[in-house]
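Numbering (my numbering), first residue to last: 4 to 251.
Backbone N, C-alpha and C fix where the C-beta goes; we use that ideal spot for every residue, glycine too.
None of the values given here were measured: they were computed from a predicted structure.
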């Protein structure tokens, strides 16, 4: 198990909030209002091979889910509200399906029950990782957000090509479309209405397949939590108060 980075905040009796970033990302992909909550303990991890974590990245969502369970075991944390963005959402869904006793709530951001990755991205990650990183960043941020696009492209270029490629291999092999009815966990889905990487219809499909689910669309694209940090954080806070407060 590679090292992971916890960001612990509160000793509240509320179950911890676990933050799982997306492909090529890190714990810094979450806005400060989510990472630095005072109402509950927050565990903001870097997956193996990402951010400040050592080790080797995985090539399957199931392997990443096992890493997360090992992380929680190391921290003696039996249950969490699992919140994941994109690939992290796939990991959170897998936790809810394969380790249901460890998950008391789900917050799924810009993700889907199946994450197909186009051949141009996969081929580009092998042939020209620098160009592929820029193309991914352009697909995640709207026109006019050049500074954010450039910053994301720079961050992706600092991730090893093997890690970034492995993440997209993991996404491409993920499919739980036929298993959604097995999830019996309160779920919030947040998605940017203009998301091109994981279009809003992916979240709509999730909402239709998970019994206790709420879908909220925000203005924005794939990195909606950073595009709309105030509105995003408000939605998360309201849902946690309704569905994941102590005693619920």
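Here residue 222 is not near residue 17, since their CB atoms are 8 angstroms or more apart. For the pair residue 238 and residue 193, the CB atoms are nearer than the 8 angstroms cut-off. Per the coordinates, the alpha-carbon of residue 128 lies some 20 angstroms from the alpha-carbon of residue 67. Burial of residue 114 is indicated by the presence of at least 16 other C-beta atoms within 10 angstroms of its C-beta.
Taking 8 angstroms as the cut-off, the beta carbon of residue 219 is found no closer than this to the beta carbon of residue 195. For the pair residue 199 and residue 81, the Cα-to-Cα distance works out to about 35 angstroms. Note on geometry: alpha-carbon atoms of residue 132 and residue 225 lie some 20 angstroms from one another. The DSSP assignment places complete alpha helix (DSSP H) segments of no fewer than 4 residues inside the segment 121–196 at 122–130, 132–143, 149–161, 164–175, in order along the chain. Relative to the Cα of residue 190, the nearest Cα in the group 177, 209, 203 belongs to 209. The beta-carbon separation of residue 90 and residue 25, rounded to 5 angstroms, stays under the 8 angstroms limit for a contact. Non-local beta-carbon contacts of residue 105 in its own chain, meaning distances under 6 angstroms to residues more than five positions away in sequence, involve 82 in chain order.
CA-to-CA, the gap between residue 186 and residue 164 works out to about 34 angstroms. The DSSP-derived three-state label of residue 200 is coil. Under DSSP, no beta-bridge partner is assigned to residue 226. The C-beta distance from residue 86 to residue 64 rounds to 16 angstroms, too long to meet the 8 angstroms contact threshold. CA-CA distance, residue 160 to residue 27, rounds to 9 angstroms. DSSP lists 190 as the beta-bridge partner residues of residue 216.
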